[in-house]
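Asker:
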Amino acid sequence: MSAPLLELIGVSKEFSSQDAALRVLTDLDFSVHAGETVAVTGPSGSGKSTLLSLLAGLDRPTSGRVRRDGTDAADWDEERVARWRRARVGFVFQNFRLMPTLTALENAAFPLEMQGASPAAASERALELLTDLGLAPRAAHRPSQLSGGEQQRVAIARAYAHRPALILADEPTGSLDRATAARVLDALLAVHARSGAALVIVTHDPAAAERLGRRVRLDAGRLAA
Numbered sequence: 194m195s196a197p198l199l200e201l202i203g204v205s206k207e208f209s210s211q212d213a214a215l216r217v218l219t220d221l222d223f224s225v226h227a228g229e230t231v232a233v234t235g236p237s238g239s240g241k242s243t244l245l246s247l248l249a250g251l252d253r254p255t256s257g258r259v260r261r262d263g264t265d266a267a268d269w270d271e272e273r274v275a276r277w278r279r280a281r282v283g284f285v286f287q288n289f290r291l292m293p294t295l296t297a298l299e300n301a302a303f304p305l306e307m308q309g310a311s312p313a314a315a316s317e318r319a320l321e322l323l324t325d326l327g328l329a330p331r332a333a334h335r336p337s338q339l340s341g342g343e344q345q346r347v348a349i350a351r352a353y354a355h356r357p358a359l360i361l362a363d364e365p366t367g368s369l370d371r372a373t374a375a376r377v378l379d380a381l382l383a384v385h386a387r388s389g390a391a392l393v394i395v396t397h398d399p400a401a402a403e404r405l406g407r408r409v410r411l412d413a414g415r416l417a418a
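When you line the sequence shown up against this note's numbering, it's residues 194 to 418, in that order.
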């Protein structure tokens, strides 16, 4: 098997307060390979969001090592981490985080334009993804004109638009009813299957977790056996 796309080795994370240090993750080993799908489950407060932040390079561990694309990232400065994140990572959030003044097409195209793609090329790629997600007829609509499930599918298109190597999804169906959540997950996995990317989903939904290739559970900051 090839080297992991992203790897945490013996990672711990603490947050300091006036009174004491709060340890959120303890001696964690976690890796994800290209094309792999991983569900991260666990109760609220178990460290799932902190794990996603470390995977995304939005925070640094208190101790332990992070390897990105087979390279030890200990000496990466913030600019290098940000470049890696823009090029290699796509995000799907529970609350969609679409730009309200942009259409569905413009929201999906935005990451590509930020990377220097021409508006025509960015729009072509965005429309391709929206079509795959069944949203071509809604491409000219703004978020306020879309249902929750439609907004999340736009967010999925945006996440995959720049062909990232890794998708991080934080409760992507958490704000949707059960039937809509199932349809959104169907759409996410269908797009993912054609992408070759790795997918890590944090979820409280056992049905969603069961559909991913690997499942890990966090409990009190540790990976449970």
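We put the CB at the ideal spot given by N, CA and C, even for glycine. If you're wondering where the values come from, they're calculated on a predicted model, not measured in any experiment.
(1) Check L322 in the structure and name its three-state DSSP category.
(2) Determine the direct distance from the alpha carbon of G257 to that of E220, and round the result to whole angstroms.
(3) Please classify D379: does DSSP put it in a helix, a strand, or coil?
(4) What is the C-beta distance between L411 and K241, in whole angstroms, given that I count them as a contact (C-beta under 8 Å)?
(5) So, using beta-carbon positions, are T243 and V282 closer together than 8 Å?
(6) Pick helix, strand or coil for R290, following the three-state DSSP scheme.
(7) List in chain order: all unbroken alpha helix (DSSP H) runs of 4+ residues lying wholly within the stretch 335 to 394.
(8) In terms of residue numbering, what span does the beta strand (DSSP E) encompassing S205 cover?
(9) Going residue by residue through the stretch 197 to 284, where are the continuous beta strand (DSSP E) segments of at least 3 residues, counting only ones entirely within it?
(10) When you compare each of A352, R376 and L381 to F284 by their alpha carbons, which one comes out closest?
(11) Check whether the stretch 287 to 306 and the stretch 333 to 353 are in contact - that is, three or more C-beta pairs closer than 8 Å.
(12) Here's the rule I'm using: 16 or more other beta-carbon atoms within 10 Å means buried, otherwise exposed. How should N300 be labelled?
(13) Between which two residues does the beta strand (DSSP E) containing L328 stretch?
(14) Quick check on DSSP: helix, strand or coil for A417?
(15) At the level of alpha carbons, what is the spacing between I394 and A402?
(16) Hey, would you say the C-beta of R253 is under 7 Å away from at least one heavy atom of the ligand GDP?
(17) If we count the other Cβ atoms within 10 Å of its Cβ and call it buried at 16 or more, is S239 buried or exposed?
(18) CB-CB under 8 Å to A314, same chain, minus the five flanking residues each way: which ones, in chain order?
(19) Whose CA, out of V231, A227, A213 and R253, lies closest to the CA of A204?
(20) Would you mind working out which of L245, V409 and V384 sits nearest A354, comparing C-alpha positions?
(21) Kindly identify the DSSP beta-bridge partner or partners of R410.
(22) How would you write the range of the alpha helix (DSSP H) that L298 sits in, first residue to last?
(23) Grab me the residues of L381's own chain with a C-beta within less than 6 Å of its C-beta, minus the 5 sequence neighbours each way, in chain order.
(24) Do L248 and L323 have their beta-carbon atoms positioned less than 8 Å apart in this structure?
Answerer: The relevant details are as follows:
(1) helix
(2) Sequence check: residue 220 is Asp here, not Glu. If I take the Cα positions, the gap works out to 7 Å.
(3) helix
(4) 6 Å
(5) no
(6) coil
(7) 341 to 353 and 371 to 386
(8) L199 to S209
(9) 199 to 209, 214 to 225, 230 to 234 and 256 to 261
(10) A352
(11) Below 8 Å, enough C-beta pairs join the stretch 287 to 306 and the stretch 333 to 353 to call them touching: three or more.
(12) Using a 10 angstroms sphere on the CB of N300, the tally of other CB atoms reaches 16 or more, which defines it as buried.
(13) Note, L328: premise wrong, no beta strand (DSSP E); not H, not E.
(14) Here A417 carries a strand assignment [DSSP, helix/strand/coil].
(15) 8 Å
(16) The ligand GDP is not part of this structure, which contains no ligands at all.
(17) Classification for S239: buried.
(18) L305
(19) First, the residue type needs correcting, since residue 204 is Val and not Ala in the sequence shown. When the alpha-carbon of V204 is set against those of V231, A227, A213 and R253, the nearest one is in R253.
(20) V384
(21) T234 and A417
(22) A297 to M307
(23) I349
(24) no
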